[in-house]
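Residue numbers (this note's numbering): 53 to 287.
The next block holds one structure in the form of structure tokens; read it before the comments.
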């Protein structure tokens, strides 16, 4: 009788262990789902803030105000405030999912807007390490290197070449990437940078094909219609 009682006790303990393990698994699953939901919400809010900053930045560059004017300074402060808030959201999202490249791409774009090009490249490189091999990431890295190169005096040729390599890679991965073609057309047209008439025509043709009504397309048409030599250097 005693053996039967002990057997029942062991069975009861085993059931409790199984149930306890089940509750633990359920709890872990629930926590994981909560983290995923929090991550998605933070990324959504961060990307919305970044989109608002895009609009503010466009307005900042559309105006003809003196960069030292009070209006320009207020616009820049407003844009930067939105950027810093977006960065905060992206950083929190990265803490929740350290394996995701998305927050690093977002932070990289913010650093680019703030003209901190080295930090932008670092963030984009981290996104690449985490698996992002997209055309757009190559574009982001390329233009960051390009602006970083231009910020040096004299221009940093090594960083310029790295930027060109990434921008070309973006067009290979996505032949319809307008931004990459636009940057490359500007680079290959500039005698101070990396002039190449054959490559210039390739990227200008892509700009005309992809966005014929863009400002860049209008400049290209004007340059091509001008007598030879008159339009040089306009871009």
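Note that the Cβ used here is the ideal one computed from N, Cα and C, for glycine as well.
Please read all numbers here as calculations on a predicted model, not as lab measurements.
Start-to-end residues for the alpha helix (DSSP H) that takes in residue i
{"i": "residue 249", "result": "249-262"}
{"i": "residue 168", "result": "Element bounds for residue 168: n/a, residue is neither H nor E."}
{"i": "residue 149", "result": "Here residue 149 belongs to no alpha helix (DSSP H), and DSSP marks it neither H nor E."}
{"i": "residue 193", "result": "187-202"}
{"i": "residue 275", "result": "267-277"}
{"i": "residue 182", "result": "Here residue 182 belongs to no alpha helix (DSSP H), and DSSP marks it neither H nor E."}
{"i": "residue 328", "result": "Within the shown structure, residues of the chain are numbered from 53 to 287, placing residue 328 beyond reach of any answer."}
{"i": "residue 212", "result": "209-225"}
Close Cβ partners of residue i (< 6 Å) along its chain, the five nearest in sequence each way excluded
{"i": "residue 212", "result": "201"}
{"i": "residue 219", "result": "194, 232, 235, 236"}
{"i": "residue 196", "result": "164, 169, 172, 173"}
{"i": "residue 226", "result": "187"}
Spatial neighbours of residue i in its chain, beta-carbon cut-off 7 Å, leaving aside the 5 residues before and after
{"i": "residue 144", "result": "94"}
{"i": "residue 165", "result": "105, 109, 135"}
{"i": "residue 128", "result": "112"}
{"i": "residue 240", "result": "246, 247, 248, 251, 252, 255"}
{"i": "residue 90", "result": "148"}
{"i": "residue 221", "result": "190"}
Chain-order list of residues whose beta-carbon lies under 8 Å from that of residue i (same chain, five-residue window excluded)
{"i": "residue 168", "result": "none"}
{"i": "residue 272", "result": "237, 256, 259, 260, 287"}
{"i": "residue 198", "result": "211, 212, 215, 216, 219, 235, 239"}
Cβ-based burial, residue i [other Cβ within 10 Å; buried from 16]
{"i": "residue 87", "result": "exposed"}
{"i": "residue 111", "result": "exposed"}
{"i": "residue 153", "result": "buried"}
{"i": "residue 183", "result": "exposed"}
{"i": "residue 151", "result": "exposed"}
{"i": "residue 205", "result": "exposed"}
{"i": "residue 84", "result": "exposed"}
{"i": "residue 155", "result": "buried"}
{"i": "residue 203", "result": "exposed"}
{"i": "residue 131", "result": "buried"}
{"i": "residue 96", "result": "exposed"}
| So does the segment 251-269 actually touch the segment 221-230, counting three or more Cβ pairs closer than 8 Å? | yes
| field | Segment contact flag, the segment 146-166 with the segment 121-128, C-beta cutoff 8 Å, min 3 pairs | value | no
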